[in-house]
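Here the structure comes first, spelled out in structure tokens, and everything after it is commentary.
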Amino acid sequence: MAAIDAVLDEAGLTNEAVRSYVKHWAQHTGAERVEVVNASDDARLIREALEAGELLPAGKGRYYSRSHPKDTARSEERTVVATNNPDDKGEYNNWRPASEMRPMLEERMAGKSAGKTMYVVPYVMAPPGSPLQAFATGVELTDTRTVVLHMIRMARVGVQYVNELADPDYFVRGVHVTGDLDNLGQGTADDQRYFVTIADERTILHYGSSYGGNALLGKIAHGLRQATYDGWASGKFLAEQFLLLGITDKETGRTYHICGGMPSASGKTNLAMILSPDALGDRYQVHFYGDDIAWLWVDEEDGRVYAINPEYGAFGVAKDTNDVTNPTAVEAISEGTGTIFTNVAYNEQTQDVWWEGKSKTPPADTEGWRDWKGQLISERSEAEKDEPWAHPNSRFTTTLANIPNIAPDYENPKGVPVDAIIFGGRTRDREPLIRAITDLPEGVYDGLTLGAEATFAAEGTEGVLRYDPMSMRPFMAYPEGAYAAHWLKVIGAAKEQPVFAHVNWFQRGEDGRFLWPGYRDNLRPLLWLMQLRNGEVTGRQTPVGIVPTKDELQLEGMDDLRPDDLETILSIDVPRWQQEMAHREQHLSLFRDVPEEIWAAHRRVSEALDAEAT
Ligand code: GTP
Ligand code: SPV
Ligand code: MN
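The opening residue of the sequence shown carries number 380 in the working numbering; numbering runs sequentially from there.
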């Protein structure tokens, strides 16, 4: 203990509540030593990780890491939200009593960091000075150096954030213990892993993974699960798996801000990084604010909805990232950016990295190339030959400052006013390119019934969506009915209402091709939405919202877009929608205490569809 005090003294960590938390867990996990981390420690920690072989060099100023092959993604079924109130049980939050989960996790973690360093990572999930900063401060304790390196990229890290707290005891306590990844029974009946947010005790206990949101506790566990609970409990804000972008029209000088939810791996990072299509000239500039999380609140002074991205970096999907799909990302992860790649393919001779879709075909000369598991490509058996080189969920981690279209005011603690809230999932039919919704309950209803098509037999029945309310299904911390009510309350308090819209870049033809080219062209429907909001276009009212007419969309330069495809993605397939409404009714019925306004919106849409059908 005396030794720990000396370390904390030397690090200048003066917050007594943090100090006793650190001492408690150091003792409990049996860590051999404690180290306090500031962002300025990055270069030294990188050096140590390279020496230890935890990272490999990937060209100048870039790094490569492989996670354990059984540890490559979040694990929703092992993720639990616990509280002391059984009423907090919802449909999707895997609620369990805190009195059961805390001792269980304590038992699993006891002594499991023996021989390791316990890193103390004080952080804030907000631009400093934000009105939500009190909710944003946390201290992650982790026994894994690469997790620290990711935290430094993904959150603002430093002791000053906890020393300065108005209430020294009000910080999120996040404990991450990796455990013996070889022997945790991942995916079996005897799975030892648990990822628990004890929301009403503001404590996060994650055991059994060192990958992504399982281990970087600032991002998903605090930034979404804990924050969404805090936002509800305080009545003050929303925390959502949302992207946040700005569009500046250089001709008029106006800037618009759009945020929105899309389920994991549905295109948030890509959308937040888009370049204006060439044919729209230099008129529009898209600015990146965030690609995965937004916190929203209403400013008391001007009565508008504001948003911040609480993160400091991007943890993006590598697959299909290339100069055509996402040149912005390519630059953000180029040499000298400090980017860490996880689970892509790696060439130990050239220090090069590769993933599916980086180029059309893999490098022709396989010499030196190893797949994400570390196996030499040249030694693959006939059966292994067609397996991907990179894991489908392989990722890059880079700080926001590296993103070439980062908004100049991305660190403004005041956040940005929100003009539109969009929802979108991967749906191969029915959902048009864009449909705008101008009514708040109908917008919230649309978010609640967001879904993506089931991709595996195990995940659902074909033709039935896997619903993902607000794209928050894996991060819901409290019941869905209360969630909807909280949305109506928070956004309803705004004097100026944002417009809602549902977007879909993924409609397909019978031959399986995408009817809309997507990526950069996705700016076009967003521009239409802003024009609609400004009263410059009127669109066409349908039972499910306002869709653009063909002439209203700015389609310059889209010579390859087939007229019949355009027709399809701007039309409403009424019988298909009627079918969907029955599924929605079942889905909403799962939730208790759904506000009457939401049911009324559902009935209104249903009746409008029935009227159109007759
Ligand atoms: P998480 O980080 O998991 O929350 O995901 P995300 O929503 O940020 O997903 P991301 O932007 O990384 O996209 C995931 C995949 O969708 C990538 O493989 C992209 O290439 C692909 N994608 C993104 N936008 C489009 C699009 O407009 N059209 C098509 N066809 N694919 C897209
Ligand atoms: C997601 O899976 O939605 C992510 C990556 O953004 S992770 O941080 O691992 O949750
Ligand atoms: Mn995400």
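Where a beta carbon is used, it is the ideal one built from N, C-alpha and C, also for glycine.
How should residue i be labelled, buried or exposed, when 16 other C-beta atoms within 10 angstroms of its C-beta is the threshold for buried?
i	result
residue 328	The structure shown does not extend to residue 328, since the chain spans only 380 to 993, so no value can be given for it.
residue 926	buried
residue 737	buried
residue 975	exposed
residue 585	buried
residue 677	buried
residue 917	exposed
residue 929	exposed
residue 718	buried
residue 792	exposed
residue 439	exposed
residue 605	buried
residue 1065	This structure leaves residue 1065 out entirely; the chain is present only between 380 and 993.
Alpha carbon to alpha carbon, what distance is there between residue j and residue i?
i	j	result
residue 566	residue 480	19 angstroms
residue 445	residue 750	10 angstroms
residue 524	residue 934	49 angstroms
residue 597	residue 550	12 angstroms
residue 838	residue 895	Low confidence applies to residue 838: its pLDDT is 45, below 50, so where it sits in the model is not reliable, and the reading given next is rough at best. Going by the C-alpha atoms only, they are around 26 angstroms apart.
residue 920	residue 802	19 angstroms
residue 835	residue 884	Note that residue 835 scores 46 on pLDDT, short of 50, meaning its location in the model is unreliable; the coordinates nonetheless yield the value given after this. Approximately 20 angstroms, taken between the alpha carbons.
residue 901	residue 650	7 angstroms
residue 866	residue 434	42 angstroms
residue 903	residue 936	11 angstroms
residue 417	residue 826	38 angstroms
residue 942	residue 949	11 angstroms
residue 589	residue 452	10 angstroms
residue 548	residue 809	50 angstroms
residue 662	residue 630	6 angstroms
residue 405	residue 761	49 angstroms
residue 790	residue 982	42 angstroms
residue 747	residue 817	56 angstroms
residue 628	residue 658	15 angstroms
residue 806	residue 828	13 angstroms
residue 494	residue 520	15 angstroms
residue 573	residue 680	43 angstroms
residue 890	residue 764	27 angstroms
Where does residue i fall in DSSP's three states?
i	result
residue 950	coil
residue 959	helix
residue 850	helix
residue 501	strand
residue 663	strand
residue 700	coil
residue 525	helix
residue 514	helix
residue 581	coil
residue 586	strand
residue 632	coil
residue 597	helix
residue 557	coil
residue 399	helix
residue 984	helix
Could you pull out every residue in the same chain whose Cβ sits closer than 7 angstroms to the Cβ of residue i, ignoring the five residues on either side in sequence?
i	result
residue 971	858, 860
residue 415	386, 387, 390, 392, 499, 538
residue 455	853
residue 377	Nothing about residue 377 can be read from this structure; the chain reaches only from 380 to 993.
residue 580	477
What does a CB cutoff of less than 6 angstroms around residue i pick up in its chain, not counting 5 residues either side in sequence?
i	result
residue 391	538
residue 448	752
residue 899	653, 654, 656
residue 674	511, 616, 618, 687, 689
residue 488	408, 556, 586
residue 450	560, 588, 590
I'd like the list of long-range same chain contacts for residue i, defined as Cβ closer than 8 angstroms, with 5 residues on each side in sequence excluded.
i	result
residue 474	459, 460, 461, 462, 465, 467, 468
residue 701	709, 736, 737, 738
residue 978	967
Which whole runs of the beta strand (DSSP E) in the region 403 to 435 are 3 residues long or more, in chain order?
Segments of the beta strand (DSSP E) lying fully in the region 403 to 435: 412 to 415.
Could I get the ranges of all uninterrupted beta strand (DSSP E) runs contained in the region 853 to 911, with 3 residues as the minimum, in chain order?
Listed in chain order, the complete beta strand (DSSP E) runs (minimum 3 residues) inside the region 853 to 911 are 878 to 882.
Can you check the region 699 to 773 for any beta strand (DSSP E) of at least 3 residues that lies completely inside it and give the ranges in chain order?
Residue ranges of uninterrupted beta strand (DSSP E) with 3 or more members, entirely inside the region 699 to 773 and ordered along the chain, are 719 to 721, 724 to 726.
4 or more residues per run - each alpha helix (DSSP H) lying fully within the region 767 to 817:
You should have found no qualifying run.
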